[in-house]
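Going by our numbering, the residue at position 25 of the sequence shown is 405; the numbering climbs one at a time, nothing skipped. Don't be surprised by glycine CBs; every beta carbon is placed ideally from N, CA and C. Everything numeric in this text was worked out from a predicted model, so none of it was measured. Written below as structure tokens is the structure these notes are about.
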Amino acid sequence: SGSPRGPIAQASREFRALFDPSSEDYNPPTNDFEATVQRLNEFREKNSFLDQAHCIMQRVRRELIAAYLVDGPSGEIGRRLAGPAAELLVEEMRAVNELLPLLSPCKV
């Protein structure tokens with residue numbers, strides 16, 4: 381099953397294609413809500429071997445949350461996708477909790 385560097389390097393290239401304007405493969409999803417959400421979800425599925433706290437997964441998760449809440453929590457998209465948005469928010473809270481030191485004043 382090849383070196384772990386291969387899949388991580390591929391995930392990094394795909395991430396840069398989504399978010400890094402200096403990447404030669406830069407091709408961000410724009411002006412199409414469904415395509416944006418699909419592309420971000422496909423990235424998460426394909427690269428699920430990355431830890432949820434990995435910086436790449438944090439950024440993709442936050443972009444998805446932002447997409448789900450693009451018209452606000454009371455908007456049509458926010459209401460329709462409240463379940464997936466809530467799942468991502470819980471995942472985000474778990475990742476942040478994992479990253480913070482045990483006795484951090486930021487932990488409740």
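| Query | Result |
| --- | --- |
| Let me know if N411 comes out buried or exposed under the rule of 16 or more other beta-carbons within 10 Å of its beta-carbon. | exposed |
| At the level of alpha carbons, what is the spacing between R441 and V417? | 11 Å |
| Helix, strand or coil, according to DSSP, for N477 in the structure here? | helix |
| Applying the 10 Å Cβ sphere with the 16-neighbour rule, what's the burial state of F429? | exposed |
| Terminal residues of the continuous alpha helix (DSSP H) containing L449? | No alpha helix (DSSP H) contains L449, which DSSP labels as neither H nor E. |
| For G382, does the count of other Cβ atoms within 10 angstroms reach 16, so buried, or fall short, so exposed? | Residue placement at G382 cannot be trusted, given a pLDDT of 48 that sits under 50; what the coordinates show is reported in the next sentence. Burial call: exposed. |
| Quick one: any contact between the stretch 387-403 and the stretch 435-451, if contact means 3 or more CB pairs under 8 Å? | yes |
| In angstroms with no decimal places, state the Cα-to-Cα distance between A389 and R459. | 36 Å |
| In whole angstroms, what separates the C-alpha of M473 from that of N427? | 20 Å |
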